[in-house]
Amino acid sequence: MAFTSIVLEINLITTINVLILLYVLRYYYKYFTRKSRIPGPFPLPLIGNLHQIGLNPAQYAKDNHKKYGDMFEVWVGSKRSVILCHPSLLDQVYVTNSQTKFFPRGAIKYVKSNGLAFNDDLTSWKRNRKIVMQSISSHRFLKDFTQLVQSLFNENESYWDKKEYQFDFVEWMKCFMTDIILQTVTNKPSYCLNTYLFGENQDDPIRLEEIKRSFKFTKASGTFFPNMLFQAFVPEIFKNLPGYYHLNKKYKKSSDWLNQFMLEFISKRRNEINNNMQSDGNIGSNLLDNLLTLNTPLDPNYDGSEAPLTDQEVCSTITDVSVNGTETTINMTCYTIWLLAKHPKVTAHFRKEISEILGDDLSRQISYEDLEKFTYLDAILKESVRIYTVVLLSPRVSTQASIVGGNHLEANTTFFVGHDIIHKLPEFWENPDEFIPERFLNNEIAKNAFIPFGGGTRICPGKNISNVLMKTLLILLLRKYDVELVDKVSEKPNFKYSLFSQCIDMKIVVRPRY
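This is the structure in structure tokens:
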């Protein structure tokens, strides 16, 4: 019996070793016989280059760009990803035709979404994009949105209106964006910023509960990008291992809560709309109402040919608009404030533009039409996001075989566009690390050399409202207040660098100018 057990154990070990050897041989056969041997780091079986990528793929891409040039490959497990770091390589990937063969975002396919950002179903994506663009890009909406930003700012600025005030601008922006987004999407106040400034001293238990939920929404939204990074680059087999398991559980819990939070809003509003249909028909013009009434008798273009959106479809679209728009705008605004605090001459030029357009009346309301006149502010925002790009790597997957950079690549190849790398190429940007807004004044920028919102068919649909919010907020803040960094020594803001750039904290002092 003992001899038999030893033989069986040896046979089992031998079988395992043979299987491992066969896997390794197959892995490297696939590697060495791949089409178009693009340069890149040598991968290991099972993990590819994951041990080198870690949780900082953008920095890894920058390091490899220096070694291998504008087009190189890395391996995520057994799957090849091609990194594109030059505008000339993007003509196919960022084409505006909706029939492009680079439509899917397969690198983040773990996000089960039928909304916008992560929806790879072209038909439903086009439908959802159309209704979102109709809702958030109309002249009327942008005018109302400009007034909403001013109203919220004016309600909460009294705390620092007559004295010097120190606070974390990142946290302030998170609360400000939560209020703006929830008000815009649901037409209901959230009181997040008011509570951040004045505390939770509320006698109304219902309002207090709404405040707590708003803060939880802010916290859950903040885990969205880290969760995306974790899910995209950590293999499934690792997610049950010590260290990874609890992080995965934390992200899933946050994601599930955010989904349920949105679904409750949607279900409640759908019931209100159904009741209103039988009474006064009081339906709003906000994004949520537009999505809920799409392809229903309340839709002006209703013809009965298509089914209404399900609650989950509405939820995915609302989450895409609110969470994605919130995080990117927060970071872009924070980086701009940091750069302006570091460059007083640029701030002075900006204030001169404010005076020329709005005059010296500090209480004068800003109109949407005013914003279109702020050419120098527009240059400041562009230069800010060029230096501190928020979306560092943007994924696409080819649905057909393609030729990119002279390389023949099979269908289902994953591509990542290195936005931050492209934004620093000396070929297109003189002194690329210097903050020079003037480079965007009356200068023609090369095609695909400036792509902060992505490009092609899937360019960010919320870029207009993001610009309106940032312009309005910066004008309101800097025409009345001086902004000073508490940390005057650091040469860069405190931020994380992964798939996305996230500003972690930024203590500032705000004091009235007059």
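Reading the sequence shown from the start, the letters are residues 30 to 543 in our numbering. Here a beta-carbon is modelled for each residue, glycine too, at the ideal position from N, C-alpha and C.
State the start and end residues of the unbroken alpha helix (DSSP H) segment that holds C363.
Where C363 is concerned, the enclosing alpha helix (DSSP H) stretches over G354 to K371.
Near F469, what residues of its chain come up, given a Cβ to Cβ distance below 8 Å and the 5 sequence neighbours on each side ignored?
So the list reads D407, A408, K411 and E412, once near-sequence residues are dropped.
Check S296 in the structure and name its three-state DSSP category.
Three-state result, S296: helix.
Pop quiz: L287 and S243 are said to be a contact at Cβ under 8 Å. What is the actual Cβ separation, rounded to whole angstroms?
At roughly 13 Å, the Cβ-Cβ gap does not stay under 8 Å, so L287 and S243 are not in contact.
If you draw a straight line from the alpha carbon of Y123 to that of I416, how long is it in whole angstroms?
C-alpha separation (whole angstroms): 21 Å.
Should S519 be labelled buried (16 or more other beta-carbon atoms within 10 Å of its own) or exposed?
The residue in question, S519, is exposed, as its Cβ has fewer than 16 Cβ neighbours within 10 Å.
Would you kindly report the start and end of the unbroken beta strand (DSSP E) that includes F101?
Unbroken beta strand (DSSP E) run through F101: M100 to V105.
Are the CB atoms of T224 and I240 nearer to each other than 7 Å?
For T224 and I240, yes; Cβs fall inside 7 Å.
Where does F403 land, buried or exposed, given buried means 16+ other C-beta within 10 angstroms?
By the neighbour-count rule (16 or more Cβ atoms within 10 Å), F403 is buried.
Beta-carbon within less than 7 Å of P74's beta-carbon, same chain only, minus the 5 sequence neighbours each way: which residues are those?
Around P74: Y52, V53 and Y56.
Between the beta-carbon of S427 and the beta-carbon of K130, is there less than 7 Å?
Yes, Cβ-Cβ distance for S427 and K130 is below 7 Å.
Closer than 8 Å is the cut-off here; do at least three beta carbon pairs connect the segment 189-199 with the segment 339-347?
Not touching, per the Cβ criterion.
I'd like the ranges of any beta strand (DSSP E) spanning at least 3 consecutive residues and lying wholly in the segment 439-497.
Segments of the beta strand (DSSP E) lying fully in the segment 439-497: 443-447.
I need the DSSP call for I112, collapsed to helix, strand or coil.
The answer is strand: DSSP assigns I112 an E or B state.
Could you please give me the residues that DSSP links to R425 through a beta bridge?
F444, per the DSSP bridge assignment.
For N523, name the three-state secondary structure that DSSP assigns.
In the structure shown, N523 sits in a strand (DSSP, three-state: E or B).
Which whole-angstrom value describes the C-beta separation of G434 and A90, a residue pair presumed to lie in contact below a C-beta threshold of 8 Å?
About 16 Å; that fails the 8 Å criterion.
I'd like to confirm the pairing. Which residues does DSSP put opposite F196 in its beta bridges?
I537.
Please classify G77: does DSSP put it in a helix, a strand, or coil?
Note: G77 maps to strand in three-state DSSP.
Which residues bound the alpha helix (DSSP H) around E184?
Taken as a continuous stretch (DSSP letters only), the alpha helix (DSSP H) holding E184 covers H168 to N185.
For D318, is the classification buried or exposed, using 16 other Cβ atoms within 10 angstroms of its Cβ as the cut-off for buried?
Buried, since its Cβ has 16 or more Cβ neighbours within 10 Å.
Does the beta-carbon of A87 have 16 or more other beta-carbons within 10 angstroms, so that it is buried, or is it exposed?
With 16 or more Cβ atoms within 10 Å of its Cβ, A87 is classed as buried.
Residues in the same chain with beta-carbon distance under 7 Å from T358, minus the five sequence neighbours each way, listed in chain order, please.
Around T358: M206, S495, L498 and M499.
With 16 as the cutoff for other CB atoms within 10 Å, does Y58 come out buried or exposed?
Y58 is exposed by the Cβ-count criterion.
Between G106, D449 and F61, which has its C-alpha nearest L79's C-alpha?
Residue G106 is the option with its Cα nearest to L79.
If the criterion is Cβ atoms closer than 7 Å, does the pair L454 and S530 meet it?
It is not a contact, given that the beta carbons lie outside the stated cut-off.
For the segment 379-386 against the segment 156-168, do three or more pairs of beta-carbon atoms, one drawn from each stretch, fall closer than 8 Å, so that the two count as touching?
Verdict: no, contact absent.
Quick one, which of L503, P373 and S527 has its alpha-carbon nearest V419's?
Ranking the options by Cα distance to V419, first place goes to S527.
Report the partner residues of V518 according to the DSSP bridge assignment.
Beta-bridge pairing links V518 to no other residue.
Restricting to Cα atoms, I'd like to know which of D120, K268, L222 and W458 is closest to I432.
The option with the nearest alpha carbon to I432 is D120.
If A249 and S283 are in contact, beta carbons under 8 Å, what's the gap, nearest whole angstrom?
Right, their Cβ atoms sit about 5 Å apart.
Is N436 near S65, with beta carbons less than 7 Å apart?
Going by C-beta atoms, N436 is nearer than 7 Å to S65.
How many whole angstroms separate the CB atoms of Q512 and A370, which I take to be in contact at a CB cut-off of 8 Å?
It should be noted that the sequence gives Val, not Gln, for residue 512. Between A370 and V512 the Cβ distance is about 6 Å, and since that is below 8 Å, they are a contact.
Straight-line CA distance for K297 to L338?
The straight-line gap from Cα to Cα measures roughly 15 Å.
Between F253 and V352, is the Cβ-Cβ spacing less than 7 Å?
Yes, the pair counts as a contact, with Cβ atoms nearer than the cut-off.
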